[in-house]
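S.K.:
Protein chains: 2
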Amino acid sequence: MNNKVLIVGAGAIGAFYGALLAKVGADVAVVCRSDYELVKEHGFQINSHDLGSWQFTPSQVLKKASEYQGKADYVILCTKMIEGLDRISLIADAVNERSSIVFIQNGVDTEQELIDAFPHNEVVSGLAFICSNRLQPGVISHLAYGKLSLGNLPGGVSEKTRHLINLFQRSGIECIGMEDIITGRWIKCIWNAPFNPLSVLSGGLATEAILKNQEELVRSIMQEVFEIASATGHPLPEDIIETNIANTYTMPPYKTSMLLDFESNKAMETEVILGNTVRTAERHKVACPHLKTLYALMKLREMQIELVNSNGE
Amino acid sequence: MNNKVLIVGAGAIGAFYGALLAKVGADVAVVCRSDYELVKEHGFQINSHDLGSWQFTPSQVLKKASEYQGKADYVILCTKMIEGLDRISLIADAVNERSSIVFIQNGVDTEQELIDAFPHNEVVSGLAFICSNRLQPGVISHLAYGKLSLGNLPGGVSEKTRHLINLFQRSGIECIGMEDIITGRWIKCIWNAPFNPLSVLSGGLATEAILKNQEELVRSIMQEVFEIASATGHPLPEDIIETNIANTYTMPPYKTSMLLDFESNKAMETEVILGNTVRTAERHKVACPHLKTLYALMKLREMQIELVNSNGE
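Heads up: the sequence lines are chains A and B, in that order.
Per the working numbering, the first sequence starts with residue 20, numbered consecutively.
Per the working numbering, the second sequence starts with residue 20, numbered consecutively.
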């Protein structure tokens, strides 16, 4: 059947994708720590600009994976990738021999720990191109986009992953299988690596203002990501920088996820977006002075935020 | 006699150095726009941690240089180096055939416009290593340091400049003549170029925190300045980076001038410290990706400040 799903990390991303799967008949349970009481009682309210509004009542609402009843076909990890997150222990107790482990999370070079921890399970990498917010506990607002790319690791798209893709497609969003999802991650990174930190370090500029004023810097950063991806054996399309620049000009002014986190005083995904990129470059001896500067600056910025927070200001 | 001095820009730096010259008998007039009325009536109160407190009553208090009575031996320009500043028109009306034009201002590659505008006058470049503030109109607080380096352009130290150096020395501060003051400017730049922007872009960290956490980035930036200075024919001492790093570790945590401006919502000296450095690098075909990243980020940061200010937030 392959219709038992456990979403671990039912925030703006996880609850939305879980709600889509439930809509097309999957049995969707959630691990949901912060809004546990409210969600257990009332489920989620999903308000989507494109897909309408509906109630999502998970089959099980859990505080942790070990409470899961049954055998999950797909354990879908959707937490934010912040420092100190232990992905293995978040999901291990709900993983059985037949579970596919799907992670819909940001960043590059994040797959190996899952592959190593679950050598007998399919591990599926997911990329979400989505704009959704958790407006209040239990209420998810899906503002725009929603596309999902899925692919098995180290490559290919299994039959079981195809089944999951079909479920998502039937739910009304675009979902594609990628034979080389690691390349897909670098494709996402080439946009995230400039715009996420620049939006924060500029003090809050949207994508349009950044690009209009410092296109050369954006291109230099993208060029470094391009070279790093090539060095890892995942070359990106030759025209990807031009395409990204052109597409970003046509987007409405957009606040990056890092900027939204910054503005809400939440932890940012600096390490998986910039840190892992820089470390990959170093392993492959690719120079990346622009990325290194951004990464160091983000670490300083985070340090200053911590100082202010710890002073109670 | 060479004792008639006009200070143009009598702020925390200009009023302090003017007050020192007046203390040793020079006839010191000031152009002082923002605090004009108060200074005309009461002069300046100087409170120096090292040199005590005294009253400085300028011989003339002027709104603009054209009001100056007499023939200035030294026209000393001390304004902040912000965008749109027209240095020539600020001083031209008070410059006579015998005036030395002295500028005690930040930045590199700032001399040519003065040399071109006043081809028959001595042009003297000055570097102040000082920590002083204008606490309120007419009151200058000199907190620490104070050393001044002076040198003629394009090089050497003229007799008339020696005379000025002597006046400053007699007033109680350290003042030295530099045969190659342009090299002196690069020596100051190698410290300013990393610490000024990093303090702002980090959101307000002092020098110590920056250095402790991102020493490698600081060194990379200093290395670029080192190479740019060499390319212009003004090589810096081989050990300058080590010396700067070691000295900064021994300094008390220090807020840079750019950070102080940033925190007071004042214009920052981004163009003369970073912009001119990057443009000099480009002219001499020296790669400087770290400096370029910082410069672009500072331009974005300034743009965002402008947006916020213009929204009245």
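Cβ atoms here follow ideal geometry from the backbone N, Cα and C, with glycine treated the same way.
Cβ closer than 7 Å: which chain B residues qualify as neighbours of Lys318 (chain A)?
M.R.: Asn232 and Gln233
S.K.: Which of the three DSSP states, helix, strand or coil, is assigned to Ser53 (chain B)?
M.R.: Secondary structure at Ser53 (chain B): coil, using DSSP grouped into helix, strand and coil.
S.K.: Using only alpha-carbon positions, find the residue among A:Gln79, A:Val114 and A:Lys59 that is nearest to Ala136 (chain A).
M.R.: A:Val114
S.K.: Assuming the contact rule is C-beta atoms closer than 8 Å, Asn171 (chain B) and Val143 (chain B) should be a hit. Round their C-beta distance to whole Å, please.
M.R.: Confirmed, about 5 Å.
S.K.: Enumerated in chain order, which unbroken segments of the alpha helix (DSSP H) with a length of 4 residues or greater are wholly contained in the region 285-317 of chain A?
M.R.: Qualifying alpha helix (DSSP H) stretches, in chain order: 295-302.
S.K.: Compute the Euclidean distance between the alpha carbons of Thr299 (chain B) and Thr251 (chain B), then round it to the nearest angstrom.
M.R.: Their backbone Cα atoms lie some 8 Å apart in a straight line.
S.K.: Buried or exposed: where does His139 (chain B) fall if 16 or more other Cβ atoms within 10 Å of its Cβ makes it buried?
M.R.: exposed
S.K.: Gly71 (chain B) CB to nearest chain A CB: under 8 Å?
M.R.: no
S.K.: Going by the CB atoms, is the gap between Tyr164 (chain A) and Phe187 (chain A) shorter than 8 Å?
M.R.: no
S.K.: Does DSSP put Gly203 (chain A) in a helix, a strand or coil?
M.R.: Residue state, collapsed to three classes: helix.
S.K.: Run the CB neighbour count on Gly44 (chain A), radius 10 Å, all protein chains shown included, and call it buried at 16 or more, exposed below.
M.R.: exposed
S.K.: Short check: CB of Leu236 (chain A) to CB of Ala265 (chain B), under 8 Å?
M.R.: no
S.K.: Kindly identify the DSSP beta-bridge partner or partners of Ile337 (chain A).
M.R.: Given that chain A is displayed from residue 20 to residue 332, the structure contains no residue 337 (chain A) and the question cannot be resolved.
S.K.: Under the DSSP definition of a beta bridge, which residues are partnered with Val24 (chain A)?
M.R.: A:Val47 and A:Tyr93
S.K.: So, at 7 Å on beta carbons, what are the nonlocal neighbours of Gln79 (chain B) in its own chain, with the 5 sequence-adjacent residues on each side left out?
M.R.: The answer, listed in chain order, is Ala48, Tyr87 and Gln88.
S.K.: Does DSSP put Arg11 (chain B) in a helix, a strand or coil?
M.R.: Lying outside 20 to 332, the shown extent of chain B, residue 11 (chain B) is not represented and no answer is given.
S.K.: So is Gln242 (chain B) in contact with chain A if we call contact Cβ pairs under 8 Å?
M.R.: no
S.K.: Starting from the beta carbon of Ala315 (chain A), find every residue of chain B whose beta carbon is closer than 7 Å, and list them in chain order.
M.R.: Residues of chain B passing the Cβ test: Gln233 and Leu236.
S.K.: Would His309 (chain B) and Pro308 (chain A) be called neighbours here (beta carbons separated by less than 8 Å)?
M.R.: yes
S.K.: Check each candidate in A:Thr98, A:Tyr268, A:Gly174 and A:Ser151 and name the one with the smallest Cα separation from Gln131 (chain A).
M.R.: A:Gly174
S.K.: Once you ignore the five residues that flank Gly30 (chain A) on each side, which residues in its own chain have a CB closer than 6 Å to its CB?
M.R.: Arg153
S.K.: Under the three-state reduction of DSSP, which class applies to Gln74 (chain A): helix, strand or coil?
M.R.: strand
S.K.: Whose C-beta lies closer than 6 Å to the C-beta of Phe75 (chain B) among residues of the same chain, with five residues either side of it excluded?
M.R.: Ala38, Ala41, Gly62, Phe63 and Ile65
S.K.: What residue range does the alpha helix (DSSP H) around Phe122 (chain A) cover?
M.R.: Note, Phe122 (chain A): premise wrong, no alpha helix (DSSP H); beta strand (DSSP E) at Ser119 to Ile123.
S.K.: Taking the CB atoms as reference points, tell me whether Ile381 (chain B) and Ile200 (chain B) lie closer together than 8 Å.
M.R.: Outside the displayed range of chain B (20 to 332) lies residue 381 (chain B), so it cannot be described from this structure.
S.K.: Could you tell me if Ile110 (chain A) is buried or exposed, where buried requires 16 or more neighbouring beta carbons within 10 angstroms of its beta carbon?
M.R.: buried
S.K.: Is Leu70 (chain B) near the ligand SAH, judged by its Cβ being under 7 Å from some heavy atom?
M.R.: In terms of ligand content, the structure shown is empty, and the ligand SAH therefore cannot be addressed.
S.K.: Does the region 223-240 of chain B come close enough to the region 322-331 of chain A that 3 or more CB-CB pairs lie under 8 Å?
M.R.: Result yes; three or more Cβ-Cβ pairs closer than 8 Å.
S.K.: Determine the closest residue to Val219 (chain B) out of B:Cys194, B:Met270, B:Met277 and B:Asn211, with distance taken between C-alpha atoms.
M.R.: B:Met277
S.K.: Which same chain residues end up closer than 7 Å to His68 (chain B) when comparing Cβ atoms and leaving out the 5 residues on each side of it in sequence?
M.R.: His161, Leu162 and Ala163
S.K.: Among A:Leu70, A:Ser168, A:Glu227 and A:Val94, which one has its Cα closest to the Cα of Pro271 (chain A)?
M.R.: Selection A:Leu70, A:Ser168, A:Glu227 and A:Val94 evaluated against Pro271 (chain A) yields A:Glu227 as nearest (Cα-Cα).
S.K.: For Thr275 (chain B) and Asn185 (chain B), which I take to be in contact (beta-carbon distance under 8 Å), what is that distance rounded to the nearest angstrom?
M.R.: With 8 Å as the limit, Thr275 (chain B) and Asn185 (chain B) do not qualify as a contact, their Cβ atoms being about 31 Å apart.
S.K.: Which residue marks the beginning of the beta strand (DSSP E) containing Gln64 (chain A), and which one marks its end?
M.R.: Phe63 to Ser67
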